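Visitor: Residue numbers (full-length UniProt numbering): 1 to 308.
Cβ atoms here follow ideal geometry from the backbone N, Cα and C, with glycine treated the same way.
Keep in mind the model is a prediction, meaning the values are calculated, not measured.
1. So if DSSP puts residue 122 in a beta bridge, which residue, or which two residues, is it bridged to?
2. Taking 9 Å as the threshold (beta carbon to beta carbon), is residue 123 in contact with chain B?
3. Helix, strand or coil: which one does DSSP assign to residue 263?
4. Which residues in the same chain as residue 175 place their Cβ atom closer than 7 Å to its Cβ, once the five residues preceding and following it in sequence are excluded?
5. When DSSP labels each residue in this structure, what does residue 308 get in the three-state scheme?
6. Please list, in chain order, all residues of the same chain as residue 315 whose beta carbon is under 8 Å from its beta carbon, the five residues on each side excluded.
7. Measuring CB to CB, does residue 276 end up less than 9 Å from residue 224?
8. Confirm, please, whether the CB-CB distance from residue 134 to residue 260 is below 9 Å.
9. If I follow the unbroken alpha helix (DSSP H) through residue 94, where does it start and stop?
10. Grouping DSSP H, G and I as helix and E and B as strand, with all else coil, what is residue 40?
11. To the nearest whole angstrom, what separates the beta carbons of residue 85 and residue 71, a pair I think is in contact under 8 Å?
12. List, from N- to C-terminal side, the beta strand (DSSP E) runs of 3 residues or more that fit wholly inside the stretch 202–231.
13. Please report the distance separating the alpha-carbon of residue 217 from that of residue 257.
14. Checking 9 Å against the spacing of the C-beta atoms, do residue 66 and residue 118 come in under that value?
15. Check this for me: beta carbons of residue 169 and residue 77, under 9 Å apart or not?
16. Between which two residues does the beta strand (DSSP E) holding residue 145 run?
17. Among the residues of its own chain, which have a CB less than 6 Å from the CB of residue 150, if the five just before and after it don't count?
18. Between the stretch 150–169 and the stretch 243–253, do three or more beta carbon pairs fall short of 8 Å?
19. What residues in its chain sit with their C-beta under 7 Å from that of residue 181, if we drop five residues either side in the sequence?
20. Compute the Euclidean distance between the alpha carbons of residue 215 and residue 154, then round it to the nearest angstrom.
21. So, under 8 Å CB-CB, residue 179 and residue 207 are touching, yes? Tell me the CB distance rounded to an integer number of Å.
If you want it as structure tokens, here you go:
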């Protein structure tokens, strides 16, 4: 007869409690440190990154020191006044972007109680009154919870904001070169046009209403008149498109803009041979790399509308 087994006096043993402890506990990398790290890389400096994540330069510096302490690796080295990524820093950029993209996707899909980050879009006035209303209507149906911040201005002004990481997308006129951390694409073409009272174009000395430099329309108008040896005088110069429009409407002089703008504003175009021909101009969409789905969608809608 076998000896009876004495009942246990406690709960059954948990195998996990008896498992060997790891030699080194895994550590979490705080996402806010990775977000600041990526912002510095994309902006090109800590000073520029402060305008994106609204921290002081000293706070960013402390964050990067903390991130290096967590990883036990140097992420930057100095080259004069410039910060250069170390090989470890270069490798971390890719991982950080993947982790932040996953974090943002989780918050977008599951964090219904939190407010989404705004998508910042810049565009020239030529498009604000023409294609923007339809684009916003389509975007609202696809992304009803998204927030938009839209900046209207000149191409140079908008691209400066983009370079300072204040805009995610820019729809502007004329090619302006490559930009760090972004892609650009020609999405449409429009012919420049002389706008104003056709009778003014017949004058021996053409009165001009123009935007201040830098302005591609100003450059094109002055170049065309100079090449044709037409006399002209500047009667109104302004940094503001509404003031330029008022000058044309008031009969002070003629100006140069796109046909799309003239149609939207109800301004007459000068189709006679009284003034020299002005060239075509490209519509460019500049898009920051690794945007979220909603931002890319509004970029696609803008591109399609501009090319229509």
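Guide: Taking the coordinates as given:
1. For the purposes of this step, residue 122 is taken as residue 122 along the chain shown, with counting starting at 1. For residue 122, which the question treats as bridged, DSSP gives the partners 151, 170.
2. Note that chain B does not occur in the displayed structure, where there is just one protein chain.
3. For the purposes of this step, residue 263 is taken as the residue at position 263 of the chain shown. Here residue 263 sits in helix by DSSP.
4. Taking the first residue of the chain shown as 1, we reach residue 175 at position 175. 282, 284.
5. Position 308 of the chain shown holds residue 308. In the structure shown, residue 308 sits in coil (DSSP, three-state: anything other than H, G, I, E or B).
6. Because the chain here runs from 1 to 308, residue 315 falls outside it and cannot be looked at.
7. Indexing the chain shown from 1 puts residue 276 at position 276. Indexing the chain shown from 1 puts residue 224 at position 224. A contact, by the Cβ cut-off of 9 Å.
8. On the chain shown, residue 260 is found 260 positions in, with the first residue counted as 1. On the chain shown, residue 134 is found 134 positions in, with the first residue counted as 1. It is not a contact, given that the beta carbons lie outside the stated cut-off.
9. Stepping through the chain shown from its first residue, residue 94 is reached at position 94. Looking at the DSSP string, the run of the alpha helix (DSSP H) that includes residue 94 is 87–110.
10. Here residue 40 corresponds to residue number 40 of the chain shown, with the count starting at 1. Correct three-state label for residue 40: helix.
11. Mapped onto the chain shown, residue 85 falls at position 85. Mapped onto the chain shown, residue 71 falls at position 71. Not really, about 13 Å apart at Cβ, beyond 8 Å.
12. 205–211
13. As a first step, residue 217 is located in the chain shown; it is residue number 217 there, counting from the start. As a first step, residue 257 is located in the chain shown; it is residue number 257 there, counting from the start. Between residue 217 and residue 257, the C-alpha separation is close to 6 Å.
14. Numbered from 1 along the chain shown, position 66 holds the residue referred to as residue 66. Numbered from 1 along the chain shown, position 118 holds the residue referred to as residue 118. Cβ atoms of residue 66 and residue 118: not closer than 9 Å.
15. In the chain shown, counting from the first residue as 1, residue 169 sits at position 169. In the chain shown, counting from the first residue as 1, residue 77 sits at position 77. No, the pair does not count as a contact, with Cβ atoms beyond the cut-off.
16. For the purposes of this step, residue 145 is identified with residue 145 of the chain shown, where counting begins at 1. Per DSSP, residue 145 belongs to no beta strand (DSSP E) and is neither H nor E.
17. Translated into positions along the chain shown, residue 150 becomes position 150. Correct list, in chain order: 121.
18. no
19. Position 181 of the chain shown holds residue 181. Excluding residues within five positions, the ones whose Cβ falls inside 7 Å are 42, 288, 289.
20. Within the chain shown, numbered from 1, the residue matching residue 215 stands at position 215. Within the chain shown, numbered from 1, the residue matching residue 154 stands at position 154. So the two alpha carbons sit approximately 8 Å from each other.
21. On the chain shown, residue 179 is found 179 positions in, with the first residue counted as 1. On the chain shown, residue 207 is found 207 positions in, with the first residue counted as 1. The Cβ separation is near 37 Å, so there is no contact.
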